[in-house]
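This report refers to the structure that appears directly beneath it.
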Amino acid sequence: MIVNKTLRAWIALLLAPLAATAQPQTSTLKGVPFNNITLEVSLKPFRKNDQAYIRETAHEMFTQWHSLLRHADTVSVMLWTGDGSEILEYKGDPAQRLEWARYIGNPNTRHAVNSGPKELSIHERAYLYLENPPEFTYGDLKFIVQALKEEGRKVTGKPIRIGETFDPGPEFAQSGFKYNRHREILGGSAMGHNTMVSCYSVLKADSQPYAGFPNGIPESTPFGTFLGRQSRHLLQDMGFDYIWLSNGFGFGVEGWSSTGAIFDGKGFDQDKQAATRSKIADFWKFFRNECPDVQVQTRGTNLSAGADLARDGVDLKSIYKDKNILPPPNSPWAALDGDFGLEMVGYMSRMAELPDERYLFRYYTHDPWWINSPWLDRYGREPHDIYLPLAVSRMNAKGEVKLPSHLNLLSIDDSFGNMPTQVPDEVTPHILKARYDAPTAPGPLVWVYPFDEYYDWAFRYKDRLPEIYYGDWLIRQALNNGLPVNTVISTTSFKKVIQIDPARFKESVLLTVVPEAGSELEKTLVSFVQNGGKLMVYGPAGHAGKAFLELLNLQNVTPLDGEFRISSVYAGDQMGKPYPDKIIHHALFSGGGVGTRVQNLKDPSTKVLAQMSRGGQKRDAAWVRSTKEWNGGKVVYIRGTNSSKFTGGKLLTPDDPSQLFTGPLLLRYAMHEFGVDLNIVKEDPSIKNPVLTVSRSHNAFIFAGYNPNTTISNKFRFPQGAPLLNGLDTKLDKGHSVYSLPTSWNRESRVFVKQNEGIVSLKELHSGEMGITKRYRITGLKNAIVRIYPHENISSEQFNAYLNANYPWKEGRISFKAGDPKFGKHYVVENVTGDLVVSW
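Using numbering that gives the first Met the number 0, you'd call the opening residue of the sequence shown number 0 and step up by one each time.
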């Protein structure tokens with residue numbers, strides 16, 4: 000019996016990995032799975048250099064996040080081993096001491112670790128995270144990598160990949176290589192003058208032996224060559240599967256600032272553009288020559304594709320030619336500064352075109368270095384930085400809606416090496432809900448991003464950098480003021496999609512720049528509008544062709560710069576004190592002066608929406624045009640004032656809204672021309688406006704938002720009527736639904752009501768009936784027109800409507816009809832008073 004029990008135990012042990020990988024015949028998982036989920040972690044949780052302890056800790060890492068990891072094909076662990084100097088210093092000896100990220104704060108200042116006056120901040124000095132942190136060798140690191148792979152496989156049953164990290168800055172670990180022996184590689188000023196490694200720097204000679212350079216570093220060795228060769232040796236020896244280039248490394252010198260090698264805050268040095276581009280391209284060439292096969296993952300900068308190109312010469316298009324690279328994710332800085340507009344613009348602009356279909360979403364749960372855990376403190380356990388970026392989607396050249404394939408969690412440990420279970424327990428449901436509600440169709444507003452045009456203009460023209468720089472900053476400001484842009488497609492893909500499926504965007508308004516004269520994009524946009532499409536155009540029009548000028552009824556006149564009075568047909572947001580009527584148009588930050596006018600003021604199809612005036616001079620800032628011949632097509636043109644400028648900080652500083660009108664507000668106001676009102680009720684202009692996304696998921700409208708100030712109210716009205724948010728009540732105001740919402744919110748809307756006043760509610764009911772999966776009750780209706788958007792596969796035979804009825808739904812059935820196709824697939828019930836119940 001003892002032998003049999005022992006034998007059975009051994010068999011069970013041998014079969015355990017196979018059992019773990021076995022998949023149920025019918026999956027219970029919901030939503031689109033991720034190709035990969037990455038747990039980012041430092042070595043701090045490994046408080047003892049003991050192999051059994053290391054295995055136990057690794058096992059716990061995967062166990063904590065298991066309910067989320069079930070939704071991935073592959074699981075990765077990205078190790079924040081040090082600051083990347085462990086790659087630079089590696090000599091190929093497993094007994095070599097490992098300098099690792101055992102600090103809180105900056106260990107590369109003039110103050111010794113654990114010393115200095117008490118009043119010094121942790122950015123001015125560092126502490127050890129434990130009184131006696133363990134010592135590790137490179138051999139120990141190899142064991143940690145192997146233990147993570149083995150324990151991860153046991154817990155998840157999935158393939159486990161381990162990544163190494165390189166950071167260009169002084170954070171995380173002490174670096175004699177960067178800050179003592181080879182200061183010639185430093186540039187940038189993200190954490191002080193000359194503190195960040197420049198990807199296109201050149202090394203001085205060094206006689207010390209390294210794994211890839213056993214005889215030392217030759218004079219004038221490109222840093223890309225050295226890093227590539229050292230990475231190849233370390234990754235292979237330690238068992239790493241990929242490398243992560245952090246904090247903008249490989250994307251210019253200055254990853255966090257609105258200035259760079261080309262733009263200094265005062266002007267653009269076009270003459271540096273080609274040389275800077277070449278230097279960045281050389282880094283990637285040198286790195287790949289030495290490290291050709293490993294997958295590279297990237298953090299990117301805090302800015303956008305257009306801004307990076309214009310300010311720092313970053314040719315993202317060329318970088319993307321590397322097919323074994325993942326594009327940069329959303330920046331984690333929205334957690335720090337609340338600038339969700341910049342996070343979303345950066346995210347969308349970089350995913351408009353990709354090396355392949357893969358891109359990743361990154362979420363900031365803990366910070367292992369700077370004593371903050373964003374989920375618990377910066378976010379206050381509010382999931383706005385989950386719901387907003389996960390409402391973002393891209394469309395490819397086939398017209399398919401594509402979601403992030405990868406999810407990264409930065410990080411699963413805090414600055415003290417703790418891994419509180421509270422964080423995965425609370426974060427996981429929000430990530431999964433956002434994934435369940437993920438977009439399946441283009442949203443109401445689609446950004447047609449000029450990805451290829453920007454890279455063409457930057458290197459073909461001498462004067463287009465200000466325009467490229469300005470465009471993304473304008474949209475950043477517009478998003479921060481409530482414009483719901485969360486679907487992006489490149490201009491190149493758009494031209495292909497519209498040929499394949501001319502009706503693909505029939506429910507959407509397109510948002511894009513003025514196209515180049517005579518270009519295919521110009522012809523496509525003109526045809527789109529003239530065949531019934533809805534288009535909003537922004538930016539200078541000096542390069543516009545005759546056909547587009549005629550479409551817009553636009554003439555270019557002498558551009559003006561400086562202070563203006565602005566007038567508008569819109570009442571704007573509802574406040575006790577209105578927005579100022581003074582606006583400053585900075586030509587440097589707004590793509591040149593404002594020089595646009597309506598060509599033919601007598602044209603009955605043209606309506607001026609906003610004007611900027613100074614003395615006897617006037618410029619038309621926004622107008623709308625539509626003719627009967629366009630079959631419902633309409634175009635809005637907004638010249639666009641950035642309303643922000645460089646004041647010496649990291650980012651452009653928005654104008655004070657209590658003193659100056661915020662130009663990008665006009666984009667949200669002008670959505671009224673397409674029947675969409677997204678108004679705000681607040682006390683005065685100084686109160687920050689909310690950030691909003693409206694996406695389409697399985698025929699529903701998913702509204703998500705971030706309210707920096709919860710005293711505001713949102714007022715919504717669409718062409719279909721007032722959207723009703725599931726589970727909430729609204730007091731209608733002149734046909735608008737009005738909601739006072741918390742800091743973070745995410746709600747489904749499948750019902751729109753046309754009714755001027757009254758308290759109306761939308762609540763989901765239980766099914767209680769075989770064959771019915773969804774049932775909703777709408778109350779408070781008075782002679783209302785109700786539009787209902789069931790799931791896209793629901794036919795009229797499967798749809799039911801009941802008036803003033805209850806279970807068991809044998810009475811009260813009323814008629815309905817199919818809605819106007821221009822509003823998408825839906826059903827309409829007219830002249831409803833009382834309670835309406837719909838089901839399918």
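For each residue, glycine too, the CB sits at the ideal point set by N, CA and C. Model, not experiment: these values are computed from the prediction.
(request) Round the Cβ separation of Pro351 and Ser518 to the nearest angstrom and send it over; I've been treating them as touching at under 8 Å. (result) The sequence as given places Ala at residue 351; Pro does not occur at that position. Between the beta-carbon of Ala351 and that of Ser518 there is about 17 Å, and that puts the pair past the 8 Å contact cut.
(request) Would you please state the rounded distance, in angstroms, between the beta carbons of Gly247 and Thr300? I believe it to be under 8 Å. (result) Right, their Cβ atoms sit about 4 Å apart.
(request) Could you tell me the distance, in whole angstroms, from the CA atom of Arg152 to the CA atom of Phe61? (result) Their Cα atoms are separated by approximately 9 Å.
(request) Could you work out which residue in Asn485, Arg475, Leu691 and Lys397 is closest to Pro438 when comparing CA atoms only? (result) Nearest option by C-alpha distance: Asn485.
(request) Grab me the residues of Arg624's own chain with a C-beta within less than 6 Å of its C-beta, minus the 5 sequence neighbours each way, in chain order. (result) Asn552, Ser604, Thr605 and Val634.
(request) Could you round the C-beta distance between Gly305 and Tyr468 to whole angstroms and report it? I think they count as a contact, below 8 Å. (result) So it is a contact: roughly 7 Å between Cβ atoms.
(request) Return yes when the Cβ of Leu548 is within less than 7 Å of the Cβ of Ser609, no when it is not. (result) Strictly speaking, residue 609 in this sequence is Ala, with Ser absent from that position. Leu548 is positioned such that its CB atom lies no closer than 7 Å to that of Ala609.
(message) Please report the straight-line C-alpha distance between Glu829 and Thr557, rounded to a whole angstrom.
(response) Distance between the alpha carbons of Glu829 and Thr557: 53 Å.
(message) Measuring only the C-alpha atoms, how far is Gly833 from Asn678?
(response) Taking the straight line joining both Cα atoms gives about 28 Å.
(message) Restricting to runs no shorter than 4 residues, where is the alpha helix (DSSP H) found entirely within the segment 165–253?
(response) Within the segment 165–253, complete alpha helix (DSSP H) segments of at least 4 residues are found at 222–237, given in chain order.
(message) Helix, strand or coil, according to DSSP, for Arg716 in the structure here?
(response) Of the three classes helix, strand and coil, the one that applies to Arg716 here is strand, per DSSP.
(message) Going by DSSP in three states, Ser694 sits in which element: helix, strand or coil?
(response) The three-state secondary structure of Ser694, taken from DSSP, is strand.
(request) Could you pull the start and end residues of the beta strand (DSSP E) that Pro558 belongs to? (result) Segment Leu553 to Leu559, the beta strand (DSSP E) holding Pro558.
(message) Here's the rule I'm using: 16 or more other beta-carbon atoms within 10 Å means buried, otherwise exposed. How should Pro741 be labelled?
(response) Classification of Pro741: exposed, given that the 10 Å Cβ count is below 16.
(message) Helix, strand or coil, according to DSSP, for Phe504 in the structure here?
(response) In this structure, Phe504 counts as coil in the three-state DSSP scheme.
(message) Do Ile701 and Val750 have their beta-carbon atoms positioned less than 7 Å apart in this structure?
(response) Not closer than 7 Å, so no.
(request) Over the uninterrupted alpha helix (DSSP H) stretch that includes Glu763, give me the two end residues. (result) Per DSSP, Glu763 lies in no alpha helix (DSSP H); the unbroken beta strand (DSSP E) holding it starts and ends at Gly757 to Leu764.
(message) Taking a contact to mean a Cβ-Cβ separation below 7 Å, would you say Phe660 touches Ile565 in this structure?
(response) Here Phe660 is near Ile565, since their CB atoms are less than 7 Å apart.
(request) Sort His584, Gln145 and Thr275 by Cα distance to Leu200 and report the nearest one. (result) It is worth fixing the name first, because residue 200 is Ser in this sequence and not Leu. The option with the nearest alpha carbon to Ser200 is Thr275.
(message) Going by DSSP in three states, Pro842 sits in which element: helix, strand or coil?
(response) What is shown of the chain runs 0 to 839, which leaves residue 842 out entirely.
(request) Determine, using beta carbons only, whether Leu761 and Arg774 come nearer to each other than 7 Å. (result) Their beta carbons are not under 7 Å apart, which means Leu761 does not touch Arg774 by this criterion.
(request) Starting from the C-beta of Gly823, find all residues in its chain whose C-beta is less than 6 Å away, skip the five residues before and the five after it, and write them out in chain order. (result) Only Glu506 meet the Cβ criterion.
(message) Measuring alpha carbon to alpha carbon, tell me which residue in Phe225, Pro291, Gln235 and Gly186 is nearest Gly254.
(response) Gly254 has its Cα closest to that of Gly186, out of Phe225, Pro291, Gln235 and Gly186.
(request) Measure how close the beta-carbons of Tyr358 and Ser317 come, nearest whole angstrom, since I'm counting them as under 8 Å. (result) 18 Å between Cβ atoms; not a contact.
(request) Tell me, please, whether the segment 534–541 touches the segment 580–594 by the rule of three or more beta-carbon pairs shorter than 8 Å. (result) Between the segment 534–541 and the segment 580–594, the count of C-beta pairs closer than 8 Å reaches three or more; the two stretches touch.
(request) Identify whether Ala21 lies in helix, strand or coil by the three-state DSSP scheme. (result) Here Ala21 scores only 41 on pLDDT, less than 50, and its place in the model should not be relied on; the value that follows carries that caveat. The answer is coil: DSSP assigns Ala21 none of H, G, I, E or B.
(request) Could you tell me how far apart the beta carbons of Ile385 and Asp311 are, in whole angstroms, since I believe they sit closer than 8 Å? (result) The Cβ separation is near 30 Å, so there is no contact.
(message) For the structure I just gave you, are there three or more beta carbon pairs, one from the segment 65–79 and one from the segment 87–94, closer than 8 Å?
(response) The answer is no - the segment 87–94 does not touch the segment 65–79, with fewer than three Cβ pairs under 8 Å.
(request) Determine contact between the segment 224–234 and the segment 277–292, defined as no fewer than three beta-carbon pairs at a distance below 8 Å. (result) With the cut-off at 8 Å, the segment 224–234 and the segment 277–292 touch.
(request) Flag this pair as touching only if the segment 410–417 and the segment 459–468 have three or more C-beta atom pairs under 8 Å; answer yes or no. (result) With a cut-off of 8 Å, the segment 459–468 and the segment 410–417 do not count as touching, because too few Cβ pairs lie within range.
(request) Classify Pro213 as buried or exposed, calling it buried when 16 or more other Cβ atoms lie within 10 Å of its own Cβ. (result) That one is exposed.
(request) State the Cα-Cα distance for the pair His232 and Ala210, rounded to the nearest angstrom. (result) Taking the straight line joining both Cα atoms gives about 7 Å.
(message) If the criterion is Cβ atoms closer than 7 Å, does the pair Pro707 and Lys687 meet it?
(response) Yes, these two residues count as a Cβ contact at 7 Å.
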